[in-house]
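*Asks:* For reference, the structure I am asking about is given below.
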C-alpha cells in the first residue's frame, strides 16, 4: 500500500505491504461549509449561550480580538472580516480595534508571515500586535488561582473594553482540545504563569492528554485563568484535512468550546482494535511541522495506539530546524530523559520550552522513535533521542525487519489532526 504522508507544504510517499497495514487512520470525510463567510456571520449573530456580537459591541469604546499564531492554520482571512465589520457597525472606531497575536511563548509573527496569516487588507487597516510572554512590563498581575497559579495576562488584552478570542479546535496533546481558553492561557499569558501550567505537576497527570477534557487539570486550570482575564465572546472553527471549515462555534467561551470539541471528536476520532507494533505518523505538514519542537505533537498522536516496547516513525519537514534556542540547547545538553523529568520538579531547573522535551520523554518511555526529516542535519538528529533515518522508506524497512513478516503497522498521515485511540471493550 502506498500512503501519502503530510510533509511540509506537500506530501511524502511511503510503501507498506498490504498484509502489514494495521490501519490508515484519518479524520472522517466531512462536507466543508459551502458558504464560510455566511456561516461565520450566522454564528456571531446567533451565538451559543451568549448575546450576538453586535449587541455586545454596542456602547464599547475599544475591542481586542485574539488570534492564533502562525503555528495554527486558522482561517483568519475568513473569520476576521465579519467580526471586524460587526464591531465597526456597532460604533467601535477602527483605530480602537486591536488584533492581538496569541504567540504564547513562541516568537512574534511579522512581515510576509503576518500577511499570510491575515491578508494584506487587514494588515494595512488594523492595529496588529504580538504577545511577548517574557516581557513582564507587558502584563498585569490578576492574582492567583485556587491552585496557586500566578496569573499574569497581556495588558493590551486586559485594557480593551470588549474582549474576543478566536482559534481552531483540534485534538491537543495536553489540553485535550485546542481552542477556547487556550487563546488566553497560554496564548496571552506570561511565562511566569506558564512555568506552573507547563510544570510537571500538571504535565505528568494522566488526564493531561489528547482528547480528554473531563478531569483534565490543564484544561480546568486554563479555563479558570481565562475566566479571571475575562472573555466576552469566543469564536472557534473546525477544519478538515484540506484546511476547509467544517464548523463554526461562537458565543460563551466555555459552552461554545464544549460544543465545538464534541463536534471535532466525532470528526477526528479513529480507533484501532489492538495496539500496533509500530505507527508511522506525520505532524500534519505545514505549519505544525516547521520545527522538531512542534513535530513532537505527531508522536503524542501515535503513542496512544502503539504497544509498549513498540516503535513510532515520525516524518516532519522541520524547515526551521529543531526549535527555539532554549529548546535546542536543552535537548543537546540532556543525556538522560528520565533524569531530566525528575529534575523538572525543582523550579530552579526551569527552562523555556522544557515541556516539549517532557512530552518527548513520555513517548520514549513507551516506544522507540525513528525520525526522518530533510530540515535538520543528519548528525544532529542523533541527539534528539531518535533513530535518525536517511529516508522514510528506510524506516519502514527497519520496522519490517524488527517485527517480522507479520508486523502490524498503523499509519496516521495527518498526525495531530487525528484523535487516534484503541477500541474500548
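Residue numbers (our numbering): -17 to 407.
Just so you know, even glycine gets a beta-carbon here, dropped at the ideal spot from N, CA and C.
Going by DSSP, name the residue or residues bridged to residue 154.
*Replies:* Answer is 158.
*Asks:* If you draw a straight line from the alpha carbon of residue 49 to that of residue 94, how long is it in whole angstroms?
*Replies:* Those two C-alpha atoms are separated by around 17 Å.
*Asks:* Rounded to a whole number of angstroms, what is the C-alpha to C-alpha distance between residue 153 and residue 159?
*Replies:* For residue 153 and residue 159, the distance between alpha carbons rounds to 4 Å.
*Asks:* State the start and end residues of the unbroken beta strand (DSSP E) segment that holds residue 283.
*Replies:* It is not in any beta strand (DSSP E) - residue 283 instead sits in the alpha helix (DSSP H) that spans 274 to 285.
*Asks:* Out of 113, 143, 171, 26, state which residue places its alpha-carbon closest to the alpha-carbon of residue 219.
*Replies:* With distances taken between Cα atoms, residue 219 lies closest to 26.
*Asks:* Could you pull the DSSP bridge partners for residue 437 from this structure?
*Replies:* Nothing about residue 437 can be read from this structure; the chain reaches only from -17 to 407.
*Asks:* Excluding five sequence neighbours on each side, which residues of the same chain lie with their C-beta closer than 6 Å to the C-beta of residue 407?
*Replies:* Legend: pLDDT at residue 407 = 48, less than 50; position of this residue unreliable, value from coordinates given subsequently. Excluding positions up to five away in sequence, the list is empty.
*Asks:* Could you spell out the range, first to last residue, of the alpha helix (DSSP H) harbouring residue 26?
*Replies:* Its alpha helix (DSSP H) spans residues 18 to 27.
*Asks:* Quick one: what does DSSP say residue 238 is sitting in, helix, strand or coil?
*Replies:* It is helical.
*Asks:* For the stretch 259 to 276 and the stretch 375 to 391, state whether three or more C-beta atom pairs, one from each stretch, are separated by less than 8 Å.
*Replies:* A contact exists between the stretch 259 to 276 and the stretch 375 to 391.
*Asks:* Give a yes or no on whether the C-beta atoms belonging to residue 143 and residue 306 are separated by under 8 Å.
*Replies:* Taking 8 Å as the Cβ cut-off, residue 143 and residue 306 do not qualify as a contacting pair.
*Asks:* From the DSSP output, in three-state form, read off residue 179 for me.
*Replies:* DSSP places residue 179 in helix when its eight states are reduced to three.
*Asks:* So, are the CB atoms of residue 278 and residue 338 less than 8 Å apart?
*Replies:* It is a contact, given that the beta carbons lie within the stated cut-off.
*Asks:* Taking buried to mean at least 16 other C-beta atoms within 10 Å of its own C-beta, is residue 113 buried or exposed?
*Replies:* Buried, because 16 or more other Cβ atoms sit within 10 Å of the Cβ of residue 113.
*Asks:* Are at least three pairs of beta-carbons, each pair with one atom in the stretch 387 to 395 and one in the stretch 358 to 374, less than 8 Å apart?
*Replies:* No contact exists between the stretch 387 to 395 and the stretch 358 to 374.
*Asks:* State buried or exposed for residue -9, treating a residue as buried only when at least 16 other CB atoms are found within 10 Å of its CB.
*Replies:* Classification of residue -9: exposed, given that the 10 Å Cβ count is below 16.
*Asks:* Under the DSSP definition of a beta bridge, which residues are partnered with residue 222?
*Replies:* None; residue 222 has no bridge partner.
*Asks:* By a C-beta neighbour count over all protein chains shown, 10 Å radius and 16 as the cutoff for buried, is residue 88 buried or exposed?
*Replies:* By the neighbour-count rule (16 or more Cβ atoms within 10 Å), residue 88 is buried.
*Asks:* What is the DSSP secondary structure of residue 121, reduced to helix, strand or coil?
*Replies:* It is a strand residue.
*Asks:* With a threshold of 7 Å on Cβ separation, who are the neighbours of residue 59 within its own chain once the five nearest residues in sequence on each side are excluded?
*Replies:* Contacts found: 100, 101.
*Asks:* Classify residue 294 as helix, strand or coil using the three-state DSSP reduction.
*Replies:* Here residue 294 sits in strand by DSSP.
*Asks:* Tell me the DSSP secondary structure of residue 93 in three-state form.
*Replies:* Looking at residue 93 - three-state DSSP - the assignment turns out to be helix.
*Asks:* Beta-carbon within less than 8 Å of residue 227's beta-carbon, same chain only, minus the 5 sequence neighbours each way: which residues are those?
*Replies:* The residues are 14, 15, 18, 21, 57, 60, 219, 220, 221.
*Asks:* Assuming residue 251 and residue 401 make a contact with CB atoms under 8 Å, what is their CB distance in whole Å?
*Replies:* With a Cβ gap of about 4 Å, residue 251 and residue 401 count as contacting.
*Asks:* What number of angstroms, rounded off, separates the C-alpha of residue 12 from the C-alpha of residue 75?
*Replies:* Approximately 39 Å, taken between the alpha carbons.
*Asks:* Could you pull the start and end residues of the beta strand (DSSP E) that residue 359 belongs to?
*Replies:* No beta strand (DSSP E) contains residue 359, which DSSP labels as neither H nor E.
*Asks:* So residue 58 is in the beta strand (DSSP E); what residue range does that whole segment cover?
*Replies:* Careful: residue 58 lies outside any beta strand (DSSP E), inside the alpha helix (DSSP H) at 58 to 71.
*Asks:* Provide the residue(s) that pair with residue -10 in DSSP beta bridges, ordered along the chain.
*Replies:* According to DSSP, which records beta bridges pairwise, residue -10 is partnered with nothing at all.
*Asks:* Leaving aside the five residues before and after residue 5 along the sequence, list all residues of the same chain whose C-beta is less than 7 Å from its C-beta, in chain order.
*Replies:* Closer than 7 Å at Cβ, skipping near neighbours: 254, 392.
*Asks:* Taking 8 Å as the threshold, find out whether the stretch 200 to 207 comes into contact with the stretch -15 to 0 through three or more Cβ pairs.
*Replies:* No, the stretch 200 to 207 is not in contact with the stretch -15 to 0.
*Asks:* What alpha helix (DSSP H) runs, 4 residues minimum, are completely inside the stretch 319 to 380?
*Replies:* The qualifying runs are 319 to 325, 336 to 346, 360 to 363.
*Asks:* Where does residue 311 sit, in a helix, a strand or coil, going by DSSP?
*Replies:* Helix, per DSSP.
*Asks:* Could you give the C-beta distance for residue 166 and residue 207, rounded to a whole number, given that I count them as a contact under 8 Å?
*Replies:* Indeed they touch by this definition, with Cβ atoms about 6 Å apart.
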